[in-house]
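Asker: Under the working numbering, the letters of the sequence shown match residues 59 to 189, in that order. Note that CB positions come from ideal geometry on N, CA and C, so glycine has one too. Structure provided below as structure tokens; questions to follow.
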Amino acid sequence: MMKQIDNLYKKLISCTESSGQAVEINEQIRSKLHKMILDDLKKLRKKQHKTVYISEEYKKLDHEIRLRLLKEIQVILNEYVLARENGDLKNWKAMYGEIGHYIKNFFYYRMDEKYEAEKKALKDYKFLDEV
59 MMKQIDNLYK
69 KLISCTESSG
79 QAVEINEQIR
89 SKLHKMILDD
99 LKKLRKKQHK
109 TVYISEEYKK
119 LDHEIRLRLL
129 KEIQVILNEY
139 VLARENGDLK
149 NWKAMYGEIG
159 HYIKNFFYYR
169 MDEKYEAEKK
179 ALKDYKFLDE
189 V
């Protein structure tokens, strides 16, 4: 599934002028991408809830979940940069809130090699209440 997400992500930003100066987010692709990521996250979390926390499978699922969350944050950060360049930060903030939240979460989910080498897994994905 990650390959499909990456392929969609590559199509997310489009140039509207031949000079390449007018850059925008393709909203249809963004919607598809968000849906694909969220659907995949639900499936992965469901699998993870059925898996023993200290198992290798849990750690693999943890890694897959973090990859999806990072991609989602990447999309949001791309939208921020384009909104800032186009003078449309007010609409971006109305939709997403504060940029600091996404920057913090980006580093939270992007664990470094030392963390990975110790085979640690996240306990908290900062999801809203799970049912």
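DSSP puts Ser72 in a beta bridge; with which residues?
Answerer: Its beta-bridge partners are Glu82.
Asker: Under three-state DSSP, which class holds Asn65?
Answerer: Helix at Asn65.
Asker: Compute the distance between the beta-carbons of Ile134 and Tyr167, then report whether it is under 7 angstroms.
Answerer: Cβ distance not < 7 angstroms, so Ile134 and Tyr167 don't count as in contact.
Asker: If you pair each beta-carbon of the stretch 105 to 115 with each one of the stretch 124 to 139, do three or more pairs fall below 8 angstroms?
Answerer: Output reads no: the stretch 124 to 139 does not touch the stretch 105 to 115.
Asker: If you reduce the DSSP assignment to three classes, tell me which class Asp120 lands in.
Answerer: Reduced to three states, the DSSP call for Asp120 is helix.
Asker: By how many angstroms is the C-alpha of Leu128 removed from the C-alpha of Ile63?
Answerer: The alpha-carbon atoms of Ile63 and Leu128 are separated by roughly 12 angstroms.
Asker: Go through its chain and collect everything with a Cβ distance to Lys69's Cβ below 8 angstroms, but skip five positions before and after it.
Answerer: For Lys69, where only same-chain residues beyond five positions count, the Cβ hits under 8 angstroms are Asn84 and Ile87.
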